[in-house]
Amino acid sequence: CVSFKGNLLVVPMDGSHWIGVKAIAQEMGRRGHRVTVVMPEISMQMGPGKHYNTVTFPVPYDQAYVDSVMAKNTEALEKSAESFMQQVQSKMSQFQAIMDAIHITAETLLFNDSIITHLAQQNFDAVLTDPMVPTGSLIARKLGEFIHIFMICVGIPCSLDLKAAGCPSPPSYVPRFASGLTDRMTFMERVFNSLVSPLLCRLIYRHFDHLAHQFLGEKVSIAEVLSDSDIWLMRIDFTLEFPRPLMPNMVQVGGINCKVKNRLPDVRPVYFRFQLLLKNTKATPIVKQED
Numbered sequence: 074c075v076s077f078k079g080n081l082l083v084v085p086m087d088g089s090h091w092i093g094v095k096a097i098a099q100e101m102g103r104r105g106h107r108v109t110v111v112m113p114e115i116s117m118q119m120g121p122g123k124h125y126n127t128v129t130f131p132v133p134y135d136q137a138y139v140d141s142v143m144a145k146n147t148e149a150l151e152k153s154a155e156s157f158m159q160q161v162q163s164k165m166s167q168f169q170a171i172m173d174a175i176h177i178t179a180e181t182l183l184f185n186d187s188i189i190t191h192l193a194q195q196n197f198d199a200v201l202t203d204p205m206v207p208t209g210s211l212i213a214r215k216l217g218e219f220i221h222i223f224m225i226c227v228g229i230p231c232s233l234d235l236k237a238a239g240c241p242s243p244p245s246y247v248p249r250f251a252s253g254l255t256d257r258m259t260f261m262e263r264v265f266n267s268l269v270s271p272l273l274c275r276l277i278y279r280h281f282d283h284l285a286h287q288f289l290g291e292k293v294s295i296a297e298v299l300s301d302s303d304i305w306l307m308r309i310d311f312t313l314e315f316p317r318p319l320m321p322n323m324v325q326v327g328g329i330n331c332k333v334k335n336r337l338p339d340v341r342p343v344y345f346r347f348q349l350l351l352k353n354t355k356a357t358p359i360v361k362q363e364d
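Take any residue in the sequence shown, note its place counting from 1, add 73, and you have its number in the working numbering.
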């Protein structure tokens, strides 16, 4: 029978998040599917590939702006001699700069009528996107209800992905992202673990809730938009994560962006290689019994 060849739209997030999405886009294209990646003309890491097509859209900033945001982010991650309050202020300032860049990019794409109209005419079967920046989810909802939505993420800091997927996430033993907690918490740590997610979600996604209303023309939250997802591709592995529930439509794909290395050289002694050869040829070695 003739194998199915799908039409996939990819709306990725820039930076390190692009690595895992690119791996899937390349492989899907290599297998014969039609893959279209939407990306800004100016980006940190995104670019054309051999097995997918690209649709670019103009953005109101240049490469120098992107480089400056990344440089400030690097500085914020490095150890500093500043006081605790100065470090907090510096990190908040950097966080705001990153969010501003994300919001500008999202608004530029969502309200580019020619791009959205072009995408609507392509009859996509599915959309692959990163829920950390829900631009792709908004576009998928705009394009129609018969489009399958695939999410690939390592986890949203405020656990909005778990809420949108209807996944149980008891704060008694599921530590929130970057909380520094483990699956064994005191009562006060559980209280903190319960409060951190709503505050972070409001801080990160309040603007996107407003964008959703403007772009879709309906009063809907980002959590509701993300809940349309059919499959969640989780870039996690329980060899590195604390145990927690998963929904049936959550598939672990940890390590998908790891580069495939060559096999290790065979450094075993000659004797063991000889024994392995005898075993493979079903020969029985003759061992002389000592008197």
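We put the CB at the ideal spot given by N, CA and C, even for glycine.
Here the structure is a predicted model, which is why all the values come from computation and not from measurement.
Assign residue i to one of three DSSP states: helix, strand, or coil.
{"i": "residue 225", "result": "strand"}
{"i": "residue 74", "result": "Since pLDDT at residue 74 reaches only 41, below the 50 mark, its modelled position is unreliable, and no value is offered."}
{"i": "residue 205", "result": "coil"}
{"i": "residue 195", "result": "coil"}
{"i": "residue 359", "result": "Because the pLDDT of residue 359 is 47, which lies under 50, any placement of that residue in the model is unreliable, and the number read from its coordinates should be weighed accordingly. Three-state result, residue 359: coil."}
{"i": "residue 79", "result": "coil"}
{"i": "residue 277", "result": "helix"}
{"i": "residue 364", "result": "Below a pLDDT of 50, predicted positions are generally treated as unreliable, and residue 364, at 44, falls in that range; the measurement from the model is reported next regardless. Reduced to three states, the DSSP call for residue 364 is coil."}
{"i": "residue 125", "result": "strand"}
{"i": "residue 333", "result": "coil"}
{"i": "residue 107", "result": "strand"}
{"i": "residue 158", "result": "helix"}
{"i": "residue 92", "result": "helix"}
{"i": "residue 264", "result": "helix"}
{"i": "residue 200", "result": "strand"}
{"i": "residue 298", "result": "helix"}
{"i": "residue 117", "result": "coil"}
{"i": "residue 67", "result": "Only positions 74 to 364 of the chain appear in the structure, and residue 67 is not among them; the question remains open."}
{"i": "residue 130", "result": "strand"}
{"i": "residue 112", "result": "strand"}
{"i": "residue 293", "result": "coil"}
What's the gap between the Cα of residue i and the Cα of residue j?
{"i": "residue 168", "j": "residue 276", "result": "10 Å"}
{"i": "residue 257", "j": "residue 95", "result": "36 Å"}
{"i": "residue 208", "j": "residue 338", "result": "45 Å"}
{"i": "residue 206", "j": "residue 222", "result": "14 Å"}
{"i": "residue 253", "j": "residue 136", "result": "34 Å"}
{"i": "residue 290", "j": "residue 284", "result": "10 Å"}
{"i": "residue 324", "j": "residue 308", "result": "9 Å"}
{"i": "residue 314", "j": "residue 249", "result": "12 Å"}
{"i": "residue 365", "j": "residue 216", "result": "In this structure the chain extends from 74 to 364, so residue 365 is not present and cannot be described."}
{"i": "residue 322", "j": "residue 239", "result": "10 Å"}
{"i": "residue 204", "j": "residue 231", "result": "12 Å"}
{"i": "residue 312", "j": "residue 260", "result": "26 Å"}
{"i": "residue 402", "j": "residue 302", "result": "A question about residue 402 goes unanswered here, because the residues of the chain that appear run from 74 up to 364."}
{"i": "residue 195", "j": "residue 269", "result": "41 Å"}
{"i": "residue 99", "j": "residue 126", "result": "10 Å"}
{"i": "residue 201", "j": "residue 156", "result": "42 Å"}
{"i": "residue 226", "j": "residue 305", "result": "8 Å"}
{"i": "residue 123", "j": "residue 162", "result": "43 Å"}
{"i": "residue 140", "j": "residue 115", "result": "10 Å"}
{"i": "residue 247", "j": "residue 316", "result": "7 Å"}
Within the same chain, show all residues whose beta-carbon is closer than 8 Å to that of residue i, passing over the 5 residues directly before and after it, in chain order.
{"i": "residue 76", "result": "105"}
{"i": "residue 181", "result": "113, 130, 131, 132 and 133"}
{"i": "residue 286", "result": "292 and 293"}
{"i": "residue 92", "result": "118 and 330"}
{"i": "residue 251", "result": "230"}
{"i": "residue 282", "result": "294 and 295"}
So which of the options has the shortest CA-CA distance to residue i?
{"i": "residue 109", "options": "119, 84, 295 and 115", "result": "84"}
{"i": "residue 234", "options": "171, 320 and 264", "result": "320"}
{"i": "residue 86", "options": "124, 125, 171 and 192", "result": "171"}
{"i": "residue 193", "options": "178, 218 and 174", "result": "218"}
{"i": "residue 90", "options": "177, 272 and 224", "result": "224"}
{"i": "residue 188", "options": "278, 128 and 274", "result": "128"}
{"i": "residue 297", "options": "271, 210 and 335", "result": "210"}
{"i": "residue 326", "options": "310, 334 and 318", "result": "310"}
{"i": "residue 111", "options": "159, 273, 178 and 160", "result": "178"}
Within its chain, find whatever has a CB closer than 6 Å to the CB of residue i; leave out the 5 residues flanking it on each side and keep chain order.
{"i": "residue 245", "result": "263"}
{"i": "residue 335", "result": "none"}
Do residue i and the ligand SAM come close, with the Cβ less than 7 Å from some heavy atom?
{"i": "residue 169", "result": "Absent from the structure shown: the ligand SAM. Ligands present: none."}
Keeping to the same chain, check which residues put their C-beta closer than 7 Å to that of residue i; ignore five residues upstream and five downstream.
{"i": "residue 80", "result": "107, 195, 196, 197 and 198"}
{"i": "residue 328", "result": "310"}
{"i": "residue 121", "result": "127"}
{"i": "residue 278", "result": "233 and 295"}
Do the region 129 to 149 and the region 102 to 109 make contact, defined as three or more Cβ pairs closer than 8 Å?
no
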